[in-house]
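Below is one structure; the comments refer to it alone.
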Amino acid sequence: MNHFDYKQGLLYAEDVPVPVIAQAVGTPFYLYSAATLTRHFQAVDQAFADVDHITCFAVKSCSNLSILEMFGGMGSGADIVSGGELFRAVKAGIAPKKIVYSGVGKTAEELHYALTTGILMFNVESVQELAALQEVAARLNLKAPVALRVNPDVDPQTHAYISTGLASNKFGIAIEAAAHIYQAAADMANIEVVGVSCHIGSQLTTVAPFIESLHKVIGFIKELAKSGIEIKYLDMGGGLGIQYEQEKPPPPAEYAAALKEAMAGLDCTLIIEPGRVIVGNAGILVTRVIYTKATGKNFIIVDAGMNDLARPSLYNAYHDILPVLEARDDRQEADIVGPICESGDFLARGRMAPVCEPGDLLAVMSAGAYGFTMSSNYNSRPRAAEVMVKGGDFQVIRKRETFADLIRGETGSENG
Ligand code: LLP
């Protein structure tokens, strides 16, 4: 459920007609609904209300400061994967003691920054990273709270690029090899073993792979306990999918019920790192038709390209595309493409689309997760504005970039 609906044939975001915003801020722009963000955060968080848990929103999915502040206000922690994400999370007022740090390539500078910030836990992904963390922590005379990210070798049955829990993926430490690394970690002077973490992939549409990996992780935690290593935090990562097209992912309550059942009796605080399920359907990308042409095939050329929304080009991902002025009956098969100089620049291919005219507005749905955060300046295109709707009001939460922003930091005779 989201708050983007037609009223009398016009697409609204909550109580604001989308063209009113387009008129005020220009196109393209990302548009988020505060009511949807709140509802989705609470749906996930409250599904775990009866167990000791921390919801650490996955910052990479949508990292706008206003949105992070909103989640922080509802008690969210953060799952971060870079120093930049830590900077954002802290700026947004998220408590460091609710921040977990994942990722295979944390640099010494980033480890230093996170250690001095006092985050809850480092999800360490290799033996070398563990050694680097010990070294940085020793220099600072601090103890680094650590979970090893174990790789359970479970197939999440999702797109290959976003599967992370298979032995062939670069993530984590093979669960069979992890026990002796835990022993080594427990012996390190500046490391404190506090958790086990696991994230098997993104856009999962069934509960089974989560449960299969959870069983493996719980077995592993029990094994560690026998050798005297007590685990406080069990971090099961993110990954719950959303509906883009015909998928029928389990609702958060079903996912939560399955997780809770599997971990009944285990004395650990559960950490979850949801991203997409909270923000995916809470944001859309609004774009305007520039031209249309029929060259053996119908093309609708819009002002948002693969630099604004990479998912279709990168993963062949499906995003529903709706006319802001509800469709006339005439439809045609068309490719909806951006202005970028690559044939891979498309938002949809071979889609039954409304017949469009220059100036028409289109809404690319389900773009709230990994939309703006994966956007770039390719073809020297300023990044889009981000706007938040709340009831009958809207606010620009990130200004559209300017041409001056494009060359900021570059040297050149005119740019001194
Ligand atoms: N935790 C870790 C360690 C992760 O790597 C990720 C996502 C998450 C949590 C959040 O997963 P979510 O709940 O959002 O599925 N750009 C791709 C998705 C990449 C996901 C990377 N990791 C896309 O647009 O589909």
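FYI, the working numbering numbers position 104 of the sequence shown as 90, with every residue one higher than the one before it. Even for Gly, the Cβ is constructed at its ideal location relative to N, Cα and C.
Straight-line measurement puts the Cα of ALA21 at about 11 Å from the Cα of ASP1. With a cutoff of 8 Å on beta-carbon distance, ALA64 and GLY261 are scored as not near each other.
ARG25 has its Cβ no nearer than 7 Å to any heavy atom of the ligand LLP. Under DSSP, ALA44 takes part in a beta bridge, and its partners are ASP65. For the pair ALA124 and ASN50, the CB atoms are not nearer than the 8 Å cut-off. By the C-beta criterion, the region 32 to 44 is judged not to be in contact with the region 370 to 382, since fewer than 3 inter-stretch pairs fall below 8 Å.
Residue range 94 to 103 is occupied by the alpha helix (DSSP H) that includes TYR99.
Setting aside the 5 residues that flank it on each side, LEU116 is surrounded in the same chain by VAL110, VAL132, LEU134, ILE167, ALA170, ALA171, MET174, ILE177, each with a C-beta closer than 8 Å to its C-beta; the list follows chain order. Residue range 238 to 248 is occupied by the alpha helix (DSSP H) that includes ALA242. Here ALA390 is not near GLY266, since their CB atoms are 8 Å or more apart. Beta-bridge analysis with DSSP links PHE285 to LYS279, ASP321.
One Cα belongs to LYS84, the other to PHE206, and the distance between them is close to 24 Å. VAL350 sits buried, since 16 or more C-beta atoms from the chains shown fall within 10 Å of its C-beta.
Using a Cβ distance threshold of 8 Å, ILE276 and ALA353 do not count as a contacting pair. Annotation: LEU152 to ALA243 spans about 25 Å, alpha carbon to alpha carbon. Look at LYS156 here: in three-state DSSP terms it is coil, with no helix or strand label. Within the DSSP secondary-structure output, VAL37 pairs in no beta bridge. For LEU(-4), the pairing in a beta bridge is given by DSSP as LYS(-7), LEU311. Taking C-beta atoms under 8 Å as the contact rule, LYS156 and VAL203 fail to qualify, at a distance of about 19 Å.
Exposure of GLU231 is indicated by the presence of fewer than 16 other C-beta atoms within 10 angstroms of its C-beta.
When the beta-carbon positions are compared, TYR16 and GLU372 come within less than 8 Å of each other. For the options GLY61, THR13, VAL11, SER47, the alpha carbon positioned closest to that of GLN28 is the one of GLY61. Cβ-Cβ distances below 6 Å link VAL375 to ALA(-1), GLU0, VAL2, SER19 in the same chain, with the five nearest sequence neighbours on each side left out; the list follows chain order.
About 6 Å separates the beta carbons of VAL323 and PHE285, which is inside the 8 Å limit, making them a contact pair. ARG367 counts as buried, since at least 16 other C-beta atoms from the protein chains shown sit within 10 angstroms of its C-beta. For the options PHE(-10), ILE217, LYS(-7), GLU247, the alpha carbon positioned closest to that of PHE34 is the one of GLU247. One alpha carbon belongs to GLY291, the other to ALA280, and they sit about 19 Å apart. With a cutoff of 7 Å, GLY59 does not count as near the ligand LLP, since its C-beta is closer than that to no heavy atom of the ligand. Per DSSP, the unbroken alpha helix (DSSP H) holding LYS202 starts and ends at 194 to 212. The region 248 to 258 and the region 314 to 329 do not touch, with fewer than three beta-carbon pairs separated by less than 8 Å.
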